[in-house]
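Note sheet for the following structure.
Residue numbers (UniProt numbering): 1 to 427.
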């Protein structure tokens, strides 16, 4: 990186044009005065700078640009380079550019550059599933944007932090982050509807995972109302899909089917394979619950095929529905095969939420078959994972389930131990 003083810029431009000091100054400024300026011994006034900019055929802004301005310009270029490396998942290059930006931005106190630098590397760490590193850098980004009171960026950073906690399976922490983002949103002088919708969408998702059906539906509905105003087909379709999901968990299947048809109609105009997979999955859920097993299987297999082709982390959600389908039609062996495939896939990808859900289904199946000892092993696997996830209510329920299962086996002491753990956690 090359940083030039005003005098150095003038000298370089003059030499590029093969001009002498006399030719450059003409009758406007003396040769001696120009020499002093080029050597940094004198500063030109604004009138002289305007004259020199015209003679040297450059913008006045270029000559006025301070050393700090030049560093900022270089840093912005490096941020663009860094963004490209993030999109290419080239973590080595990302970290290399990050260090360079960090060095100069700190030296010249470029606070917003430091905020953006940390925000970008956060995404790189998320892509690599390095969530603890991502949390460290996103908190740095929050610190820098807070220093300059950039509310919109602060909201973006908090949402990103919430997303990291969601990926770590810490849904209650994530929910608190999204609520914090919503609080900051109220301070924005000019409302950004897409940003508000994003916050509400994430709040709904957390409530959905935490099995708070009422709030999941409430926030999904609020997000949907906003997205209806935005001229973004894909966004509106995704919001319809989220709302349909909350209708399904609330047992409102007819309304869910109508919403899904609306989303599907939008996507026929503008194809989006990933969203289409989720719509097919939800159609499968609706038909499964309404007893139309043939249509349920057809839609679920479409969803499964798309998710497998796109190598999506969301594949287990469809495998779980296929498990339920096979149970309903009396094909237990096929059902367990789908369930085990979903759990194994989730373990490979470290998808804690899906592992928990898969084990839930497995425990339910084993309890139904009165295979209590096998069920206990699955519940213990579940509690071990839940203790890392800060999902207090779900962990309490798991220990209560463990205690009840020990009771069924007549193991009163172990049952009491499990109930005591549930009580301690719930205090």
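Yeah, the Cβ is synthetic: ideal placement off N, Cα and C, and Gly gets one too.
Everything numeric in this text was worked out from a predicted model, so none of it was measured.
Report task. Taking 8 angstroms as the threshold, find out whether the region 186 to 201 comes into contact with the region 220 to 239 through three or more Cβ pairs. Result -> yes
**Report entry** Cβ shell of residue 280 (< 6 angstroms), same chain only, five flanking positions each side left out
**Finding:** Taking the first residue of the chain shown as position 1, residue 280 is located at position 280. Within the same chain, 299, 302 and 303 come within 6 angstroms of residue 280 by CB-CB distance, once the 5 residues on both sides are set aside.
Report task. Kindly indicate which three-state DSSP category residue 251 falls into: helix, strand or coil? Result -> For the purposes of this step, residue 251 is identified with residue 251 of the chain shown, where counting begins at 1. Correct three-state label for residue 251: coil.
Query raised in the report: In chain order, what residues of the same chain have a beta carbon less than 7 angstroms from the beta carbon of residue 346, not counting five sequence neighbours either side?
Result: Position 346 of the chain shown, counting from 1, holds the residue named residue 346. Excluding positions up to five away in sequence, the list reads 316, 354, 355 and 358.
Query raised in the report: Straight-line CA distance for residue 327 to residue 426?
Result: As a first step, residue 327 must be located in the chain shown, where it is residue number 327. As a first step, residue 426 must be located in the chain shown, where it is residue number 426. Cα to Cα, the separation comes out at about 34 angstroms.
Query raised in the report: When you compare only the Cα positions, how much space is there between residue 25 and residue 34?
Result: For the purposes of this step, residue 25 is identified with residue 25 of the chain shown, where counting begins at 1. For the purposes of this step, residue 34 is identified with residue 34 of the chain shown, where counting begins at 1. Their backbone Cα atoms lie some 7 angstroms apart in a straight line.
Query raised in the report: CA-CA distance, residue 173 and residue 182?
Result: Position 173 of the chain shown holds residue 173. Position 182 of the chain shown holds residue 182. Approximately 14 angstroms between the Cα atoms of the pair.
Query - Cβ neighbours of residue 151 in the same chain (closer than 7 angstroms, five flanking residues each side left out) - result: Start at 1 with the first residue of the chain shown, and residue 151 comes out as number 151. So the list reads 184, 187 and 188, once near-sequence residues are dropped.
Requested in this report: With distances taken Cα to Cα, identify the nearest neighbour of residue 103 among 278, 78, 306 and 207.
Outcome: Within the chain shown, numbered from 1, the residue matching residue 103 stands at position 103. Of the listed residues, the one whose Cα sits closest to residue 103 is 78.
Query raised in the report: Which two residues bound the contiguous alpha helix (DSSP H) that contains residue 108?
Result: Counting from 1 along the chain shown, the entry for residue 108 is found at position 108. Where residue 108 is concerned, there is no enclosing alpha helix (DSSP H), given that its DSSP letter is neither H nor E.
Requested in this report: Hey, could you find the ends of the alpha helix (DSSP H) residue 286 is sitting in?
Outcome: To locate residue 286, count along the chain shown from 1; it is residue 286. Segment 273 to 289, the alpha helix (DSSP H) holding residue 286.
Query raised in the report: For the alpha helix (DSSP H) that contains residue 388, what are its first and last residues?
Result: The residue given as residue 388 occupies position 388 in the chain shown. Neither: residue 388 is in no alpha helix (DSSP H) and is coded neither H nor E.
Requested in this report: Give a yes or no on contact between the region 364 to 372 and the region 380 to 396, applying the rule of three or more CB pairs nearer than 8 angstroms.
Outcome: no
**Report entry** Rounded C-alpha distance that separates residue 15 from residue 230
**Finding:** By 1-based counting over the chain shown, the position of residue 15 is 15. By 1-based counting over the chain shown, the position of residue 230 is 230. One C-alpha to the other measures close to 54 angstroms.
Query - Rounded separation between residue 335 and residue 320 - CA only - result: Locating residue 335 in the chain shown gives position 335, counting from the first residue. Locating residue 320 in the chain shown gives position 320, counting from the first residue. CA-to-CA, the gap between residue 335 and residue 320 works out to about 9 angstroms.
Query - Alpha-carbon spacing of residue 235 relative to residue 329, whole angstroms - result: Here residue 235 refers to the residue found at position 235 when the chain shown is read from its first residue. Here residue 329 refers to the residue found at position 329 when the chain shown is read from its first residue. A straight-line Cα-Cα distance of about 36 angstroms links residue 235 and residue 329.
Report task. Give a yes or no on whether 8 angstroms exceeds the smallest Cβ distance from residue 397 to chain B. Result -> As a matter of chain content, chain B is missing from the structure shown, which is built from one protein chain.
Query - For residue 68, the three-state DSSP class (helix, strand or coil) - result: Counting from 1 along the chain shown, the entry for residue 68 is found at position 68. Shown here, residue 68 sits in a helix according to DSSP, grouped into three states.
Requested in this report: Could you round the C-beta distance between residue 162 and residue 144 to whole angstroms and report it? I think they count as a contact, below 8 angstroms.
Outcome: Numbered from 1 along the chain shown, position 162 holds the residue referred to as residue 162. Numbered from 1 along the chain shown, position 144 holds the residue referred to as residue 144. Incorrect: roughly 19 angstroms between the Cβ atoms, too far for contact.
Query - Spatial neighbours of residue 244 in its chain, beta-carbon cut-off 6 angstroms, leaving aside the 5 residues before and after - result: Here residue 244 is taken as the residue at index 244 of the chain shown, counted from 1. Around residue 244: 256, 259, 260 and 282.
Query raised in the report: How would you label residue 149, buried or exposed, when you count the other beta carbons within 10 angstroms and need 16 or more for buried?
Result: If you number the chain shown from 1, residue 149 lands on position 149. Counting of Cβ neighbours within 10 angstroms places residue 149 among the exposed residues, the total staying below 16.
Requested in this report: List the endpoints of the continuous alpha helix (DSSP H) containing residue 298.
Outcome: Translated into positions along the chain shown, residue 298 becomes position 298. Element bounds for residue 298: 293 to 310.
Query raised in the report: Nearest CA to the CA of residue 140: which residue from 157, 193 and 126?
Result: On the chain shown, residue 140 is found 140 positions in, with the first residue counted as 1. Comparing Cα positions, the closest option is 157.
Query raised in the report: Between residue 253 and residue 289, is the Cβ-Cβ spacing less than 8 angstroms?
Result: For the purposes of this step, residue 253 is identified with residue 253 of the chain shown, where counting begins at 1. For the purposes of this step, residue 289 is identified with residue 289 of the chain shown, where counting begins at 1. Yes, the pair counts as a contact, with Cβ atoms nearer than the cut-off.
Query raised in the report: How many whole angstroms separate the CB atoms of residue 39 and residue 7, which I take to be in contact at a CB cut-off of 8 angstroms?
Result: Counted from its first residue, the chain shown places residue 39 at position 39. Counted from its first residue, the chain shown places residue 7 at position 7. That pair is a contact at about 6 angstroms.
Query - DSSP-derived helix/strand/coil call for residue 19 - result: Position 19 of the chain shown, counted from the first residue, corresponds to residue 19. Three-state result, residue 19: coil.
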